[in-house]
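Participant:
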Amino acid sequence: MLTLPDGVSHWPGFFNNSAQNELLHLIRKATQQAPLFVPKMPRTGKPMSVRMTNMGALGWVTDQKNGYRYQQMHPETGANWPTMPPMLLDLWAEKSGCELPPEACLVNYYQDDAKMGMHQDRDEAEFDAPVLSVSLGNACLFRVGGEKRGGKTTSFRLDSGDVMMLSGPARLAFHGVDKIYPDTSDLLKDGGRINLTMRRVTKMAGQSQEV
Ligand code: SIN
Ligand code: MN
């Protein structure tokens, strides 16, 4: 049995097939309102291989000029982000240990040849709240390390319907997606993978956390 680093939780198959289809339907509706965009690296402007959008009050965006940030508006349409579906708010309430709801849900779409380099999620002002993730579609090889780049890492597979959380000692862990395994799910008709990550962005002043 693979031992995950402290603070990394994994619930394989948390969402069954019908719940996955329901989530997919909600995500498709959200992308009609807030189309997927191509995120660009700060300074270099190099496009990332994933396509992104967001749900919730705030969304994570990045471009050459202004870099990584959260904002209330879609970078191309200028509209507010669609709301987060109750299914995801319920998941957060069940798993996060936070009294306050998530403010952002980043939607990443990976084609089968996309990947994501090792990085920390550190654009939030609140690290007491976890990052809670849902995977849909083809499986991926997910890699997680420690708080310093270049240290020992652990790799494991995330399948469609899996829920994963980085909290406490793993909240600032470096993580990334090394590859997508094509043809491992028939949820998405054109293949690929969708990952949702829910976060708190602003400080939870005065709010106690459950222990
Ligand atoms: C991310 O770190 O934003 C995405 C992780 C994943 O796709 O599982
Ligand atoms: Mn991340």
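Take any residue in the sequence shown, count from 1 to its spot, add 127: that is its number in the working numbering. For each residue, glycine too, the CB sits at the ideal point set by N, CA and C. Just so you know, these numbers come straight off a predicted model, no measurement behind them.
For D248, verify whether its CB is less than 8 Å away from any heavy atom of the ligand MN.
Facilitator: Checking the Cβ of D248 against the ligand MN gives yes.
Participant: Name the one or two DSSP bridge partners that S145 has.
Facilitator: The partner list for S145 (beta bridge, DSSP) is empty, contrary to what the question assumes.
Participant: Per DSSP, S262 forms a beta bridge with which residues?
Facilitator: S262 pairs with N322.
Participant: Mind checking which residues open and close the beta strand (DSSP E) that includes D217?
Facilitator: It is not in any beta strand (DSSP E) - D217 instead sits in the alpha helix (DSSP H) that spans 213 to 222.
Participant: Is S287 closer than 9 Å to L323 when the C-beta atoms are compared?
Facilitator: Going by C-beta atoms, L323 is not nearer than 9 Å to S287.
Participant: Would you say the beta carbon of L153 comes nearer than 8 Å to a heavy atom of the ligand SIN?
Facilitator: Every heavy atom of the ligand SIN is 8 Å or more from the Cβ of L153, so no.
Participant: What ranges does the beta strand (DSSP E) occupy inside the region 237 to 320, keeping only unbroken runs of at least 3 residues that lie completely in it?
Facilitator: Complete beta strand (DSSP E) runs here, min 3: 243 to 246, 258 to 264, 266 to 271, 281 to 285, 290 to 293, 302 to 308.
Participant: Just grab the DSSP bridge partners of S136 for me.
Facilitator: Answer is M292, bridged to S136.
Participant: Three or more beta-carbon pairs under 8 Å between the region 166 to 176 and the region 237 to 252, yes or no?
Facilitator: Segments in contact, yes.
Participant: Ignore the nearest five residues each way along the sequence and tell me which others in K279's own chain have a CB closer than 8 Å to its CB.
Facilitator: Closer than 8 Å at the Cβ level, and outside the excluded window around K279, lie G272, G273.
Participant: Write down the C-beta distance between L216 and Q199 rounded to the nearest angstrom, noting that I regard them as a contact closer than 8 Å.
Facilitator: In fact, because the Cβ distance is near 18 Å, the residues do not count as touching under 8 Å.
Participant: Please classify L151: does DSSP put it in a helix, a strand, or coil?
Facilitator: L151 falls in the helix class under three-state DSSP.
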